[in-house]
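One structure is given below, encoded as structure tokens.
In the working numbering, the protein residues as written are 146 to 657.
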């Protein structure tokens, strides 16, 4: 309402939007001390006898001269629209009444508007709904008058609308187009704070309004007179609609700005452009990246070679909705910074069902160790990449790769860049693996899982999909064939390490 009344040079003080359910206006009566939220109470500066009436939890329209200081009188739940006096009261109150009617009209669509705002393809749904309310085609244009979203295409026989909004390639750009976009509309937009009905030469009449975001009209809302003629009551309707649209877009702008700053900050860290800990902490604080004592990095990625960036974009809103944490897109991957508690990997337990539901579409995920500070983001990122690399290579059927399961492989791969790690392997490990290749057996794999799972035969049986007796038989055969003593701690520990080294260094042994 304050925006629609801005043609009267109003100033608004909104402290409690929850009580602004206005349906009509009333004059403030002398000595009045009871107020209802559904009314806008009109106060004349010359007639008010007690300024403390503004302490009440209510909505006021104050007509005052020369900006009398009223801030000290306002209650914490007071809403005030201030109109400089003198003013044409008949026109003002008609505008107030029109705006009340517009609000009442929009109430029946409030659920649909909310659904349109939060759902995918929300702008198109929003435009279709607005077109239904105004009874004419509508569109949202950027500052260069290019369409961002529009209601369902309709042939309007207006060459500019059909060319720009409906993208009618069969139509040549009219000579009036540059004049329309570069001169007249630009002049209108420079000072637009409330909707207008605009006529221009032989073109169809338009209803035009700026969409306010952070106090500036960044976008242009247009409706074209096609199915019915515009009415004066369409103006307050448009003011309310563009206010709703502006609020929705403002939240999108805010989240996108925050995400962009977070991506830039993250890139500086993982690429090594910023390594100074004090600078990292200051930048993290400036973008609102506050971490708890225990945090995890989760990366969701596609194993499909033909995956598109659009696929990542499509999945991102659902990830933001289902997984609590700071999420952003970086190099075709969705990265989420999760905060945990004293229970190890508790966040992963909660989101595991969602992650598993995405395996059918080719999405997998990896998780880092816990870390306490933004300074550890690079290390957490490298841990995730290592978990994804070794997980996809060694356990491709898994959906979630936890770094704790692949830390040893990561360490060995790093060590292999400095020396030949296979020199540290027990010859017995290679002997068993060569025997398997020659005789088409799986003794090495069985022994590897047996040692990695604390000699728990039941777990080995489950992981390898074998009967328990089969696992026992293979272990007994290992004793017979290679003289193994499964209770020799040093030998078993070295064998487990040797299997890890060989698996990490030689791809043909990845079957382990």
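A virtual CB, placed ideally from N, CA and C, is assigned to each residue, including glycine.
Sequence-distant residues of its chain with Cβ nearer than 7 Å to residue i (five each side left out)
| i | result |
| --- | --- |
| residue 310 | 284, 292 and 295 |
| residue 646 | 557, 566, 567, 569 and 570 |
| residue 650 | 561, 566 and 567 |
| residue 518 | 436 |
| residue 404 | 473 |
| residue 613 | 602, 603 and 606 |
| residue 348 | 303 and 305 |
| residue 581 | 587, 588 and 589 |
| residue 379 | 279 and 352 |
| residue 563 | none |
| residue 297 | 273 |
| residue 287 | 293 and 364 |
| residue 551 | 531, 532, 535 and 536 |
| residue 168 | 183, 245 and 249 |
First through last residue of the beta strand (DSSP E) which encompasses residue i
| i | result |
| --- | --- |
| residue 208 | 204-209 |
| residue 188 | 184-189 |
| residue 588 | From DSSP, residue 588 is part of no beta strand (DSSP E) but of the alpha helix (DSSP H) over 588-597. |
| residue 369 | 361-369 |
| residue 307 | Careful: residue 307 lies outside any beta strand (DSSP E), inside the alpha helix (DSSP H) at 304-309. |
| residue 510 | 508-512 |
| residue 352 | 351-358 |
| residue 169 | 169-172 |
| residue 293 | 292-295 |
| residue 343 | 341-343 |
| residue 546 | 545-547 |
| residue 286 | 283-286 |
Same chain, Cβ closer than 8 Å to residue i, five either side skipped, listed in chain order
| i | result |
| --- | --- |
| residue 407 | 432, 434, 471 and 473 |
| residue 442 | 480, 481, 482, 483, 512, 513, 516, 522, 525, 526, 528 and 529 |
| residue 171 | 184, 185, 186 and 187 |
| residue 640 | 571, 573, 574, 592 and 596 |
Contact set for residue i: own chain, Cβ-Cβ below 6 Å, skip 5 residues either direction
| i | result |
| --- | --- |
| residue 629 | 623 |
| residue 212 | The pLDDT assigned to residue 212 is 49, lower than 50, so where the model puts this residue is not dependable; a value taken from the coordinates is nonetheless given after this. Closer than 6 Å at Cβ, skipping near neighbours: no residue. |
| residue 489 | Unreliable placement is indicated for residue 489, whose pLDDT of 47 sits below 50; the coordinate value is still reported in the next sentence. Contacts found: none. |
| residue 449 | 507 |
| residue 367 | 284, 351 and 353 |
CA nearest to the CA of residue i, picked from the options
| i | options | result |
| --- | --- | --- |
| residue 493 | 514, 505 and 245 | 514 |
| residue 555 | 576, 580, 541 and 527 | 527 |
| residue 467 | 287, 482 and 496 | 496 |
| residue 578 | 277, 589 and 570 | 589 |
| residue 239 | 377, 183 and 200 | 377 |
| residue 372 | 560, 532, 271 and 279 | 279 |
| residue 272 | 222, 586, 219 and 387 | 387 |
| residue 269 | 177, 390, 223 and 179 | 390 |
| residue 546 | 509, 237, 580 and 410 | 509 |
| residue 477 | 456, 469, 206 and 553 | 456 |
| residue 534 | 307, 444, 345 and 644 | 444 |
| residue 541 | 475, 422 and 447 | 447 |
| residue 633 | 600, 616 and 427 | 600 |
| residue 502 | 469, 146 and 463 | 463 |
| residue 504 | 539, 469 and 460 | 460 |
| residue 637 | 617, 169, 425 and 598 | 598 |
| residue 237 | 251, 576 and 189 | 189 |
| residue 627 | 499, 576, 635 and 342 | 576 |
| residue 146 | 246, 414, 648 and 299 | 246 |
Beta-carbon separation (whole angstroms), residue i vs residue j, contact threshold 8 Å
| i | j | result |
| --- | --- | --- |
| residue 354 | residue 383 | 5 Å |
| residue 532 | residue 548 | 4 Å |
| residue 631 | residue 620 | 7 Å |
| residue 208 | residue 232 | 6 Å |
| residue 223 | residue 249 | Actually they do not touch by this definition, with Cβ atoms about 23 Å apart. |
| residue 370 | residue 281 | 6 Å |
| residue 227 | residue 196 | Not quite, the Cβ-Cβ distance comes to about 13 Å (not below 8 Å), so this is no contact. |
| residue 422 | residue 520 | 5 Å |
Element boundaries [alpha helix (DSSP H), containing residue i]
| i | result |
| --- | --- |
| residue 196 | No alpha helix (DSSP H) contains residue 196, which DSSP labels as neither H nor E. |
| residue 532 | 522-539 |
| residue 616 | 613-627 |
| residue 572 | 572-584 |
| residue 554 | 552-560 |
| residue 647 | 634-650 |
| residue 607 | 602-609 |
| residue 631 | Careful: residue 631 lies outside any alpha helix (DSSP H) and carries neither H nor E. |
| residue 432 | No alpha helix (DSSP H) holds residue 432; DSSP gives it neither H nor E. |
Neighbour flag for residue i against chain C, beta carbons, 8 Å
| i | result |
| --- | --- |
| residue 467 | Note that chain C does not occur in the displayed structure, where there is just one protein chain. |
Whole beta strand (DSSP E) elements within the segment 222-252, 3-residue minimum = Taking only runs of at least 3 residues, the beta strand (DSSP E) segments lying wholly in the segment 222-252 are 224-229.
Curious, which full-length alpha helix (DSSP H) runs of at least 4 residues does the segment 448-492 contain?
-> 454-467
Every unbroken alpha helix (DSSP H) within the segment 378-430, with a cutoff of 4 residues, ordered by chain | 379-415
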